[in-house]
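In our numbering, the protein residues as written are 2 to 810.
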């Protein structure tokens, strides 16, 4: 055999071997499970667009939520606290100066791998921690607070070598702290302490984490694909040391402001979503976290009049936090301290069990509030004060409470969230709303916000408070608990801020599709232990409700019910009720079920009534016909079917608020109603006329003004005023006065009272100020001071006088 033939045969053999090997890889690749509806958990992550998730660039909730799924730190959070993650063990010792409990030495797991199967090492953590110190703001601040030498590097007086984080070998990491920190293991579970890979970041540069080829991670999941403006798809990380991860893929939906997530959930297009439950929706599968956050109003004690503790307590008495929790921020708990009640002490006891009741935090009292103003030297000469907020709706609630209960003037300053943070940090405020969600599982995450030594606050200082905080750092167990409790008691007594409510996370999920879904002690979802029951998944090809650029608050229902009825024989709502017939008129489409012989009669009558009153209602509210969409109407022949659809599509159950709903306009171009009431009574035609007109007025109001939600009294009062044609008799006004006239702020959200009082409030506006002022008030979403040039307190007084005049007329 000649040399050429030998070489040729050798090359052929090599090619055959390569083909065989590569062929095996191709076969493996084809055998790999691809994402599909049966193996993919769909998570509604955010209505906002998410464009990056590098854990060292931001601690926003969206970034953190993704980062926690694909990266893992030395410790991780579970349902009760922290557990070791990449760290296998640790020891705590003294530093060179002999200060106890300041040096942490970690031994890393030797089976911890990156998603490209390389080892996770102590050098990765050293690089990551020092990289995080390069960032500005909250990311590096936590290092500055706790890690020795980080402050020098961050403020420019030292180098990276001064940061006391050092890899002693491949699997040993040493961290030295500024001072003893009993909760440091909880701190390490924060996303700022997640590891990243130096070689990847230095090579790929900015945006490395958005590319599946360069997003190398070490958590239970890894990046599979990224569709900007749509979703982030994660897949199980087969290199992760825990081989018990059951979910193959997690699809994280983003940028969903133009989608109806409730409807997508009902059609199994979304499996889990965060909600803000309102009323009793026990029928749903809900996962609740502990109470993990506190909202409060900060008072600048460096500025008059809030340098006087009597003034601060007067303002606390004027805030109706019970009403706020029950009616405004539902599912939250009235705060009678700054630390959420579920945060535990060293023996596992929730701190709320150790806290004493405080009258001025729990009970609103206009009388006591005004007495304290008098003690402070004020009668009717209290100066106007400014409340700075980033949410105008919440701000108006607090403004109304303070003005009504203290008889003072409050100026509302609405700023962006970034401006709010800046004003809070620099002390550029008199009163300012604030909120803090725990970023580690210890009382100090809340108390540190009020420490000048730890947080450089510019609005309050108390040496006793600072001493208690300092002592808590060098003690443990019950002794440390006593210092923490004592520090909060000082806050409550001195009141540099008024705590309003404690809040928690609530997730809606389908327990027929998901098993073993958990959230950790701080409310973050844990997917690695979750099981997706793929056999129960159904996917309907139904488009959701959407907002368009002209309807950015009240959603627009673009479902084609008529097409579905013509094609399938029926249209099914979110709760399973079927409509198989419809009536179409010039301005309306009405759908009903043919099984009940009365349905056609009621449907025809409703369409007739609506068309007859159409021009009158649009004319009264100054809405052009060209701005009104065709209104789609679901007519039900039983109350419970209506109620269940409202629960499904709106996550609302008004029955828990003692409101018996006969109709509901949930979107700008739809409303639902029933002709059979909760008590089984069949409504008379005249009553049904009032119901359909009432809901249609809501649709027209949404066309008039749609950038914000209207106050409930104004929305319902206008609907009643235009829908009810019978005259009100004098006993009606007597009844209102006898029952007592409520404060205006209590009528801004749905309740039985808005129906009781709304009509007369609108009647008073129309008869005193004219129809045009009512329309203007609707366009300004109930801003009485702006439109009528009087305060809410003055409006209430005039309204009471109007009622008395009606009786005496």
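All C-beta atoms in this analysis are idealised placements derived from N, C-alpha and C, irrespective of residue type, glycine included.
- In the DSSP assignment, residue 91 falls within the unbroken beta strand (DSSP E) covering 88-94.
- Distance from the CA of residue 162 to the CA of residue 63, rounded to the nearest whole angstrom, comes to 32 angstroms.
- Under the three-state reduction of DSSP, residue 154 is assigned to helix.
- Judged by DSSP secondary structure, residue 205 falls within the alpha helix (DSSP H) whose first and last residues are 199-205.
- Counting only unbroken stretches of 4 or more residues, the alpha helix (DSSP H) elements lying wholly within the stretch 367-440 are 367-376, 393-407, 418-427, in sequence order.
- Counted as a single uninterrupted DSSP element, the alpha helix (DSSP H) harbouring residue 63 occupies residues 62-71.
- Of all C-beta pairs linking the stretch 457-468 to the stretch 301-312, three or more are shorter than 8 angstroms, placing the two stretches in contact.
- Around the CB of residue 603, 16 or more other CB atoms lie within 10 Å, so the residue is classed as buried.
- Between residue 447 and residue 320, the C-beta gap is not smaller than 8 angstroms, which leaves the two residues out of contact.
- For residue 191, there is no enclosing alpha helix (DSSP H), as DSSP marks it with neither H nor E.
- Here the alpha carbons of residue 649 and residue 185 stand approximately 43 angstroms from one another.
- Distance between residue 786 and residue 723, taken at the CA atoms: about 24 angstroms.
- Inter-residue distance for residue 770 and residue 527 is about 56 angstroms (C-alpha atoms, whole angstroms).
- For residue 167, the uninterrupted beta strand (DSSP E) run begins and ends at 166-170, by DSSP.
- Assignment of beta-bridge partners to residue 602 by DSSP yields no partner.
- Ranking 103, 88, 89 by CA distance to the CA of residue 95 puts 103 first.
- Under a 10 Å Cβ-count criterion, residue 418 is classified as exposed, with fewer than 16 other Cβ atoms of the shown protein chains found around its own Cβ.
- Within its own chain, the residues whose Cβ lies closer than 7 angstroms to the Cβ of residue 519, once the five positions on either side in sequence are excluded, are 80, 527, 530, listed in chain order.
- If the five residues before and after residue 513 are omitted, its C-beta is found closer than 6 angstroms to the C-beta atoms of 537, all from its own chain and listed in chain order.
- According to the DSSP assignment, residue 703 belongs to the alpha helix (DSSP H) that extends over 686-705.
- Residue 673 and residue 635 do touch by the CB rule: their CB atoms are close to 4 angstroms apart, below 8 angstroms.
- Listed in chain order, the beta strand (DSSP E) runs fully inside the stretch 550-591 are 582-585, counting runs of at least 3 residues.
- Fully contained in the stretch 268-334 are the following beta strand (DSSP E) runs of length 3 or more, in chain order: 273-275, 287-300.
- Annotation for residue 492: the continuous alpha helix (DSSP H) segment containing it runs 478-495.
- Annotated as proximal: residue 715 and residue 779, with beta-carbon spacing under 8 angstroms.
- Taking one beta carbon from each stretch, the stretch 751-759 and the stretch 402-414 have fewer than 3 pairs nearer than 8 angstroms; the two do not touch.
- When only Cα atoms are considered, residue 156 and residue 450 end up about 21 angstroms apart.
- A residue is called buried when at least 16 other Cβ atoms come within 10 angstroms of its Cβ; residue 585 does not meet this threshold and is exposed.
- Here residue 226 is bridged, per DSSP, to 234.
- Ranked by how close their Cα comes to the Cα of residue 499, the residues 435, 455, 558 have 435 in first place.
- Per DSSP, the continuous alpha helix (DSSP H) segment holding residue 123 begins and ends at 123-133.
- For the pair residue 591 and residue 583, the Cα-to-Cα distance works out to about 5 angstroms.
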